[in-house]
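Chemist: Read left to right, the sequence shown gives residues 146 to 283 (the numbering used here).
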Amino acid sequence: MHFMNRTEEKTVREHIAWSYANLACAHSAIQSGAKKYNRITYMIRAKLNKGLTSGAMSRCSLFDDERVKYDYPMSCCYCGAIDDLHMDHLLPKSRGGWNSSDNLVWACKSCNSSKRDRDVLRRLHMAEIELNVSPANV
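Below, the structure written as structure tokens:
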């Protein structure tokens, strides 16, 4: 596996991307309570660095990232579960959604997986069909 080090950075963009990716790596380790970096934290750093360097991803303000934690209760917005929570894009990035707190909610792993790349309205419609519930009764 190849890890970029400071001597390989060629542009200011690459330097900023690498620094930002390192911060995300550290943040992930701290949030998970890890005593040292692990495979997941290194994957986060590598993917974020690649995305930022190529322009496929963009940086956003730290305030925007953290605001979600305070604006919404710590439970799945779809089913109310409080375990195994992840951030979910209401409008998926693959469908033009953005990385901002206005488009992010808490979702448990099960709901997030079942939603896949559908927007929240399509997800709710599918849930109505599965439960055989009409929208008027919800």
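For each residue, glycine too, the CB sits at the ideal point set by N, CA and C. Values in this document were obtained by computation on a predicted structure and should not be read as measured data.
Around the Cβ of residue 169, are there at least 16 other Cβ atoms within 10 angstroms (buried) or fewer (exposed)?
Modeler: Answer is buried; the Cβ neighbour count reaches 16.
Chemist: Where does residue 262 sit, in a helix, a strand or coil, going by DSSP?
Modeler: Coil, per DSSP.
Chemist: To the nearest angstrom, how far is it from the Cα of residue 235 to the Cα of residue 229?
Modeler: Roughly 18 Å separates the two Cα atoms.
Chemist: Do residue 161 and residue 173 count as a contact pair if the criterion is CB distance below 8 Å?
Modeler: Against a cut-off of 8 Å, the Cβ pair of residue 161 and residue 173 comes out as no contact.
Chemist: Helix, strand or coil, according to DSSP, for residue 201 in the structure here?
Modeler: Reduced to three states, the DSSP call for residue 201 is coil.
Chemist: What number of angstroms, rounded off, separates the C-alpha of residue 156 from the C-alpha of residue 250?
Modeler: Residue 156 and residue 250: Cα-Cα distance of roughly 35 Å.
Chemist: So, is residue 199 buried or exposed, given that buried needs 16 or more other C-beta atoms within 10 angstroms?
Modeler: So residue 199 ends up on the exposed side.
Chemist: Taking C-alpha atoms, which residue in 245, 184, 258 lies nearest to residue 204?
Modeler: That would be 245, whose Cα lies nearest to the Cα of residue 204.
Chemist: If you reduce the DSSP assignment to three classes, tell me which class residue 168 lands in.
Modeler: Looking at residue 168 - three-state DSSP - the assignment turns out to be helix.
Chemist: Among 191, 267, 259, 178, which has the Cα closest to the Cα of residue 163?
Modeler: Taking only the C-alpha atoms, the option nearest residue 163 is 191.
Chemist: In whole angstroms, what is the alpha-carbon distance linking residue 266 and residue 182?
Modeler: Their backbone Cα atoms lie some 38 Å apart in a straight line.
Chemist: Exposed or buried, what is residue 224 when buried is set at 16 or more other beta-carbons lying within 10 Å of its beta-carbon?
Modeler: Counting Cβ neighbours within 10 Å, residue 224 comes out exposed, since fewer than 16 surround it.
Chemist: Determine the direct distance from the alpha carbon of residue 239 to that of residue 201, and round the result to whole angstroms.
Modeler: If you take the alpha carbons of residue 201 and residue 239, they lie about 12 Å apart.
Chemist: Please name the residue, chosen from 247, 218, 237, that lies closest to residue 260 on a Cα-to-Cα basis.
Modeler: It is 237 whose Cα lies nearest to the Cα of residue 260.
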